[in-house]
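Here's the structure we're looking at; comments come further down.
Residue numbers (the working numbering), protein chains in the order written: chain P, 275 to 475; chain A, 404 to 492.
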């Protein structure tokens with residue numbers, strides 16, 4: 275930051291906000307809904323979250339088991355590849371670190387999979403180390419189905435298409451398999467600070 | 404508006420498909436690779452507010468096409484369309 279002078283708060287706010295908004299993004303105060311398909315109907319009695327793939331035995335939680343795990347509340351900016359960013363969004367859910375406790379795996383990648391068939395791929399290092407959550411509340415309320423409820427993935431340091439709605443599990447993989455958008459033009463990694471929107475960015 | 408209310412029909416992608424195929428495509432017939440249903444492009448289901456355009460079969464909701472346009476390029480996935488039949492101009 276350059277200088278701060280009393281009574282010059284507008285300027286200071288601009289500086290603060292540009293350091294929090296990745297290049298090419300604009301800030302919204304509403305919460306746009308983007309969807310590649312119909313909203314799935316979810317029966318929580320039959321809902322499970324699964325870690326499978328490169329793991330001796332798949333780990334599986336029912337809805338009741340999941341919400342009984344130690345939860346965290348996190349406040350993060352989110353950045354959609356369609357260029358809107360929303361700052362200070364508050365979510366409650368389970369850290370992926372908690373879900374991965376005790377998991378031994380040779381995997382270096384994961385495919386997040388959802389009801390409706392959506393998938394997205396990530397390096398395992400990008401969902402562990404307090405960087406990703408499986409969330410079921412937004413702004414103190416149960417997560418609305420339009421925003422991915424009952425449960426969505428949240429990996430706020432990457433473009434928001436990586437934060438899969440209606441998530442049902444993680445597949446641990448030795449090799450990276452491009453997901454729904456990554457297989458058709460969108461970047462395999464999707465770092466908003468480096469504007470990795472498309473293939474070749 | 405709910406996701407379902409924002410869902411469009413295939414006429415919404417007439418302009419996009421004209422950019423790609425340089426032909427009027429809303430009367431073209433798609434055969435769904437999933438269920439085999441044949442529908443004119445104008446009758447398919449379109450989700451246009453995702454990061455790309457997602458076209459789905461009105462019979463079984465399978466993805467027929469995924470079209471991404473950005474950075475001066477198009478990416479067109481027709482895996483879910485077993486056949487696309489259209490008249491010469």
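Each residue gets a CB set at the ideal place from its N, CA and C atoms; glycine is no exception. Note that the coordinates shown come from a computational prediction; the quantities given were computed from them, not determined experimentally.
message = Among the candidates A:439, A:447, A:438 and A:437, whose CA atom is the shortest distance from the CA of residue 431 of chain A?
response = A:447
ask   = Who are the near neighbours of residue 391 of chain P in its chain, counting only those whose CB is closer than 8 Å to its CB and skipping five residues on each side?
value = 311 and 454
task = Return the residue from the list P:459, P:437 and P:473 that minimises the CA-CA distance to residue 365 of chain P.
result = P:437
task = Take residue 277 of chain P and list the residues in its own chain whose beta-carbon comes closer than 6 Å to its own, dropping the five residues that flank it on each side.
result = For residue 277 of chain P, the predicted structure reports a pLDDT of 46, less than 50, and the residue's modelled location is therefore unreliable. A value from the coordinates is still provided. Around residue 277 of chain P: no qualifying Cβ.
inquiry  = Check this for me: beta carbons of residue 469 of chain A and residue 458 of chain P, under 8 Å apart or not?
reply    = yes
inquiry  = Measuring straight from C-alpha to C-alpha, what distance separates residue 455 of chain A and residue 395 of chain P?
reply    = 17 Å
query = Does residue 321 of chain P come within less than 8 Å of chain A when only Cβ atoms are used?
reply = no
task = Count the CB pairs spanning the region 468–475 of chain P and the region 471–482 of chain A that are closer than 8 Å, and state whether there are at least three.
result = yes
ask   = Which same chain residues, not among the five before or five after residue 452 of chain A, have their C-beta less than 8 Å away from its C-beta?
value = 409
query = Hey, residue 387 of chain P and residue 447 of chain P: beta-carbon distance below 8 Å or not?
reply = Cβ distance not < 8 Å, so residue 387 of chain P and residue 447 of chain P don't count as in contact.
Neighbourhood of residue 379 of chain P by C-beta distance below 7 Å, restricted to the same chain and skipping five residues each side = 328, 329 and 446, listed in sequence order.
CB contact check: residue 309 of chain P to chain A, cutoff 8 Å = yes
query = What residues in the region 460–475 of chain A bring their beta carbon closer than 7 Å to a beta carbon of chain P?
reply = Those residues of the region 460–475 of chain A that come within reach of chain P (Cβ to Cβ, closer than 7 Å) are 464, 469, 471, 473 and 474.
inquiry  = Looking at the strands, I want to know which residues DSSP matches up with residue 435 of chain A.
reply    = A:484
key: Short Cβ contact (8 Å threshold) for residue 444 of chain A with residue 418 of chain A   = No. Outside cutoff.
Of the listed residues P:368, P:412 and P:376, nearest to residue 331 of chain P (C-alpha basis) = P:376
request  = May I ask you to report which of helix, strand or coil DSSP gives residue 472 of chain A?
outcome  = strand
ask   = Helix, strand or coil: which one does DSSP assign to residue 436 of chain P?
value = In the structure shown, residue 436 of chain P falls within a helical segment according to DSSP collapsed to helix, strand and coil.
request  = Identify which residue in P:456, P:464 and P:348 has its Cα closest to the Cα of residue 407 of chain P.
outcome  = P:348
key: chain P contact for residue 455 of chain A (CB, 8 Å cutoff)   = The Cβ of residue 455 of chain A sits closer than 8 Å to at least one Cβ of chain P.
ask   = What residue range is occupied by the uninterrupted beta strand (DSSP E) comprising residue 408 of chain P?
value = 407–412
query = Along the chain, where does the beta strand (DSSP E) that runs through residue 417 of chain A open and close?
reply = No beta strand (DSSP E) holds residue 417 of chain A; the alpha helix (DSSP H) holding it covers 417–424.
Opposing strand residues paired with residue 444 of chain P [DSSP bridges] = P:325 and P:386
key: Cβ-Cβ distance between residue 294 of chain P and residue 351 of chain P below 8 Å   = Closer than 8 Å, so yes.
ask   = For the putative contact between residue 423 of chain A and residue 479 of chain A, defined by C-beta atoms under 8 Å, what is the C-beta separation to the nearest angstrom?
value = 6 Å
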